[in-house]
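The next block holds one structure in the form of structure tokens; read it before the comments.
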Amino acid sequence: MASKSRRSAGSAGQSAVKTGAQIIVDTLIEQGVETMFGYTGGVVLPLFDKLYDAPINFIVPRHEQGGCHMADAYARASGKVGVIVATSGPGACNLVTGLATAMMDSVPMVALTGQVRTELIGNDAFQEADTTGITRPVTKYNSIVKDIKDLARTIREAFHIASTGRPGPVLVDLPVDVAVSKYNAKDSSEMKLPGYRIFAKGHAKQVASAAKAINKSKRPVLYVGGGVITANAAKELRELAEKAHIPVTMTLLGLGSYDQRKPESLDMLGMHGSAYANYAVQECDLLIAVGARFDDRVTGKIETFAPHAMTIHIDIDPSSISKNVRVDIPVVGDAKIILGELAQQVEYQEREDWFKKIAEWKKKFAFRYDQNSTTIKPQYVIEEICRQTTNKAVITTGVGQNQMWAAQFYKFIEPRQFISSGGLGTMGFGLPAAIGAQVAKPRATVIDIDGDHSFNMTMTELATAVEHNLPIKVCILNNGYMGMVRQWQELFYGKRYSKSYLKNPDYEAIAKAMGAVGMTVEKKDDVPGAVKKMLAEKKPCVVDFRVEAEENVWPMVPAGKSLSEMDGLDILERLI
Amino acid sequence: MKHIISALVENKPGVLAHVAGMFAARGFNIDSLVVGRTEDPDLSRMTIVVIGDDRVVEQVRKQLAKIVPVVKVQDFVGQPVVARDLMLIVVSAPPEKRPEILALIEVFRAKVVDIGQKFIMIEVSGPEAKIEAFINMCRPYGIKNVARTGTIAMPRQFKMDIREGQNST
Ligand SMILES: Cc1ncc(C[n+]2csc(CCOP(=O)(O)OP(=O)(O)O)c2C)c(N)n1
Ligand SMILES: [Mg+2]
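Chains as they are written, first to last, in this note's numbering: chain U, 1 to 576; chain R, 1001 to 1169.
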């Protein structure tokens, strides 16, 4: 990063008397921060004063939760650390959902929160909250800086911890007296993290036995999670899959790590994964898990997951290994390094029977929907978006059916193209995430495929998109329902749609009132034209697609069932 | 099975909360937890006794190691260690029972640390089983109060050293 060294030369690293606020800004610049997100308040005023003319692109959300999701998606889209600032008390509390979202999905983020004066801490001062206490379980690490001489070092440590190993959000709590006090010293103090270790290089013997197992396997499957994207290891994954000829299935967060147009792609696995991925996992003799954590939405009933398989698990987080399933060949390390080494040690195998079987499953159980319906099928909207963007858009999502259909019907080709709250499943993520991703990639086409009720949660951020002229597109798959909840109520609660239908506002009018473009699409025939118009828009654009209200996501592995016990396969077959 | 886990941690505020919070959040049971300073002012040692099968305890160990200010984690299971608890116990001791109680103290190599008209306060240290046994022996006299530490432990340094406590875990 040339710009980083140039920018840091002028400010940080010199000895001078500085306020804490100046040290914070200088350290952020030294760490290469070009863009950050945040919302002001009493105790962060000294910091915001220094940000007034700092060379940092600063985005103010309309709610700190939105800002936190923006910083999160900025990180997911760019691979850089996302930075969010909030004031003490209510500001810090509003970050909690966003931090938990980033924590569950291992996203590198630094959160800076203001805190009341050191001597008031513990007195229930105005806008005091025990921020480090509240956020400890939803951060990779947090700390409070009570002495200005620790300030620069603590912020450096935050960036280091956030972005290395298994990444995650790190919070630094900053009492206002530290921000206004002055310190005369070189702020090049070294990081001091005796308890922080990263195991990047895999054990050579383990890698060799993994390679041997792959070479011996007749029916291997690569099961790939978000860790491969985090590790920037998509190229190495492709080399391994192609060289050894292994089919690849991805978790929700793994989507984009392998080109889904390729024959080896089994698309997503799990509860709403493809039948061919789930069958392949259940019948494989070798499961190669990479940067994935055997989440219950992926494995179904854990006792019967991949019952015939020997398991290799490659992960940078030792605690991820053998947490949910017993692993035969654990390899702790960086997916990029280990996949690269494996690719060199494996041999090509035809595996003709295996690929033949997979091809049959793929044909029989492809994701399908009723193309002859007169109503707008939500899946159709996504297929049309995928077609018109030639698989190249950055897609963010809400949570629920919209998210699952986006994962099923958009075929991703590159890492960092699909940005979705997987582990926590945070409704309201889609719109702020689209903003964060667009800020990170100004030239990309960024589309939020959202649910009506997910959108309802954070739609105030449209104002942020308008203010910054971000050409994001929001496609609301408006079924009126909390669709995923309604689906469960239909299937498991005798169609008693308890509290899952709400009256929605006129989204077109809201969009227009906020200064964005708004459209409503009620007819199936209007879908392609609306998508085209939306893609041509330079302003933020919201399209309210009035989709089939009671469409279901298929296939579905009911909670607690084995992956092979999928419902809805008959429906898919009937639609051939 | 009982495991004694020893964690060297940075001597910083919030570390105990982090460790305790991790145990609570992940549903691990703590049998006892002792924190104390070490010879290095920047480091403290936590000795945590957990009960669980090997897989659970392996997770405990890994989750502990993952906490940033936790510097080193050891599970002493299967190793010769010296493990000790400390107890202060106040026992009812009328004059006619005193000789018996003092004999008991002698046998357990315990110590009288306070004495009054009706009570004796006794300090006992040793393996947990010894502490339990001492409590049982005191019961007939009437126990007024008990304060116990959890276990602290250290692996044996010299394999040839086979003085008391070798089976003390
Ligand atoms: C913040 C939050 N609250 C509640 C839920 C539980 N939940 C999961 S999906 C869902 C319904 C989502 O409705 P909508 O956004 O309209 O999406 P659809 O399923 O209809 O596509 C709910 C309430 C959640 N995931 N997140
Ligand atoms: Mg809906």
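Just so you know, even glycine gets a beta-carbon here, dropped at the ideal spot from N, CA and C.
Since we're looking at a predicted model, the values are computed, not measured.
Buried/exposed call for residue i, threshold 16 Cβ in 10 Å
i: residue 560 of chain U; result: exposed
i: residue 472 of chain U; result: buried
i: residue 379 of chain U; result: buried
i: residue 1025 of chain R; result: exposed
i: residue 1103 of chain R; result: exposed
i: residue 1112 of chain R; result: exposed
i: residue 439 of chain U; result: buried
i: residue 74 of chain U; result: buried
i: residue 87 of chain U; result: buried
i: residue 523 of chain U; result: exposed
i: residue 1129 of chain R; result: exposed
i: residue 13 of chain U; result: Interpretation of residue 13 of chain U is limited by its pLDDT of 48, a score under 50 that renders its predicted location unreliable; no figure is taken from the coordinates.
i: residue 348 of chain U; result: exposed
i: residue 147 of chain U; result: exposed
i: residue 321 of chain U; result: buried
i: residue 64 of chain U; result: buried
Check: residue i C-beta below 8 Å from any heavy atom of ligand 1
i: residue 270 of chain U; result: no
i: residue 1003 of chain R; result: no
i: residue 378 of chain U; result: yes
i: residue 252 of chain U; result: no
i: residue 477 of chain U; result: yes
i: residue 97 of chain U; result: yes
i: residue 420 of chain U; result: no
i: residue 500 of chain U; result: yes
i: residue 202 of chain U; result: no
i: residue 399 of chain U; result: yes
i: residue 486 of chain U; result: yes
i: residue 568 of chain U; result: no
i: residue 428 of chain U; result: yes
i: residue 457 of chain U; result: yes
i: residue 425 of chain U; result: yes
Contact set between residue i and chain U, taken where Cβ atoms lie within less than 7 Å
i: residue 1021 of chain R; result: 136, 137
i: residue 1003 of chain R; result: By Cβ distance, chain U contributes nothing, its closest Cβ being about 16 Å from residue 1003 of chain R, past 7 Å.
i: residue 1062 of chain R; result: 318, 319
Any non-hydrogen atom of ligand 2 within 8 Å of residue i CB
i: residue 483 of chain U; result: yes
i: residue 448 of chain U; result: no
i: residue 402 of chain U; result: yes
i: residue 452 of chain U; result: yes
i: residue 41 of chain U; result: no
i: residue 480 of chain U; result: yes
Extent of the continuous alpha helix (DSSP H) to which residue i belongs
i: residue 104 of chain U; result: 96 to 104
i: residue 70 of chain U; result: 64 to 78
i: residue 541 of chain U; result: Not the alpha helix (DSSP H): residue 541 of chain U falls in the beta strand (DSSP E), residues 541 to 546.
i: residue 209 of chain U; result: 204 to 216
i: residue 550 of chain U; result: First-last for residue 550 of chain U: undefined, no H or E at that position.
i: residue 454 of chain U; result: 452 to 458
The beta strand (DSSP E) enclosing residue i, as first and last residue numbers
i: residue 519 of chain U; result: 517 to 521
i: residue 107 of chain U; result: It is not in any beta strand (DSSP E) - residue 107 of chain U carries neither H nor E in the DSSP assignment.
i: residue 1157 of chain R; result: Residue 1157 of chain R -> no beta strand (DSSP E), and no H or E assigned at all.
i: residue 38 of chain U; result: 35 to 38
i: residue 57 of chain U; result: 57 to 59
Chain-ordered chain U contacts of residue i [CB-CB under 8 Å]
i: residue 1058 of chain R; result: 322
i: residue 1066 of chain R; result: 317, 318, 319
i: residue 1017 of chain R; result: 133, 136
Those residues which DSSP pairs with residue i across a bridge
i: residue 1123 of chain R; result: R:1088, R:1111
i: residue 1037 of chain R; result: R:1044
i: residue 631 of chain U; result: Only positions 1 to 576 of chain U appear in the structure, and residue 631 of chain U is not among them; the question remains open.
i: residue 537 of chain U; result: Residue 537 of chain U is not bridged to any residue.
i: residue 567 of chain U; result: U:556
i: residue 1143 of chain R; result: R:1091
i: residue 82 of chain U; result: U:109
Per-residue contacts from residue i into chain R (C-beta, under 7 Å)
i: residue 194 of chain U; result: 1010, 1071
i: residue 161 of chain U; result: 1068
Proximal residues of chain U, C-beta to C-beta of residue i below 9 Å
i: residue 1014 of chain R; result: 132, 133, 136, 142, 143, 144
i: residue 1025 of chain R; result: 137
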